[in-house]
Amino acid sequence: NHGTEWKSRWRLLRERVLAMKEIWTNREAEFHGEFVNFDKIWADPKPIQKPHPPVLIGGDGATTFDRVVEYGDGWMPIMRPKTNPVEKIPELRERLKKAGRDPKSAPVSIFFAPPKKPALDALAAAGVERAIFGVPSETRDAVLPRLDAFAAVMRS
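So the sequence shown is numbered by my numbering: it starts at 2 and just counts up by one.
The structure is reproduced here in structure tokens:
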């Protein structure tokens, strides 16, 4: 938990992300919140990505889209055996639109995407921009064949 109170974790995350964006995008950054508080500071060098590195919001809970819409630059849910986050993409796009954001301003990346061509094609057709395969924490001899299989799927 990195010393974070469970009940305030999302408010803390929000302020930290907003403070980082202030630092990344302003010559003189200032932020005053409940958890993050600093007067004018200067921090260089600025990120090469403009306006800043993308902040991807993970998760698929009831309030995840609130975070994506307010301060996220993308959504990265985990593909699980019994849930398909792809079904929620239209809701995300609608929420972004209602907030006055371009519905494509928060690209979707799926973590633990299935490494099979039909599944990847279906993800792409649903609007997923990036599929991330899960690599186990195993020995080199166990992982390398899996990486070779991933590469073969990507070449097909």
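In this text, a Cβ means the ideal position worked out from N, Cα and C, and glycines have one as well.
Short check: CB of residue i to CB of residue j, under 8 Å?
i	j	result
Glu35	Glu16	yes
Gly135	Phe113	yes
Ile111	Pro137	no
Val87	Val56	no
Gly75	Ala107	yes
Glu92	Phe66	yes
Pro115	Phe151	no
Trp11	Thr64	yes
Lys89	Asp61	yes
Quick check on the burial criterion: 16 or more other C-beta atoms within 10 angstroms. Buried or exposed for residue i?
i	result
Val109	buried
Pro119	exposed
Met155	exposed
Ala158	No answer is possible for residue 158: it lies beyond the span of the chain, which begins at 2 and ends at 157.
Ile58	buried
Leu148	exposed
Ala153	exposed
Ala126	exposed
Ala143	exposed
In terms of residues, what are the limits of the beta strand (DSSP E) holding residue i?
i	result
Ile42	38 to 42
Ala30	30 to 33
Indicate, with yes or no, if the ligand PLP has a heavy atom lying under 7 Å from the CB of residue i.
i	result
Trp76	In the structure shown, the ligand PLP is absent, as is every other ligand, since no ligand is present at all.
### Sequence ranges, alpha helix (DSSP H) only - wholly within the region 112 to 147, length at least 4
The region 112 to 147 contains these whole alpha helix (DSSP H) runs: 118 to 126.
### 4-residue-minimum alpha helix (DSSP H) runs that sit fully inside the region 51 to 93, ordered along the chain
Runs of the alpha helix (DSSP H) spanning 4 or more residues and lying entirely within the region 51 to 93 occur at 65 to 72, in chain order.
### Task
Answer yes if the region 94 to 105 comes into contact with the region 62 to 72, meaning at least three C-beta pairs across the two stretches below 8 Å, and no otherwise.
Taking a cut-off of 8 Å for Cβ pairs, the region 62 to 72 and the region 94 to 105 touch, as three or more such pairs fall below it.
### Message
Between the region 46 to 59 and the region 18 to 28, can you find at least three pairs of beta-carbon atoms closer than 8 Å?
### Response
Yes, they touch.
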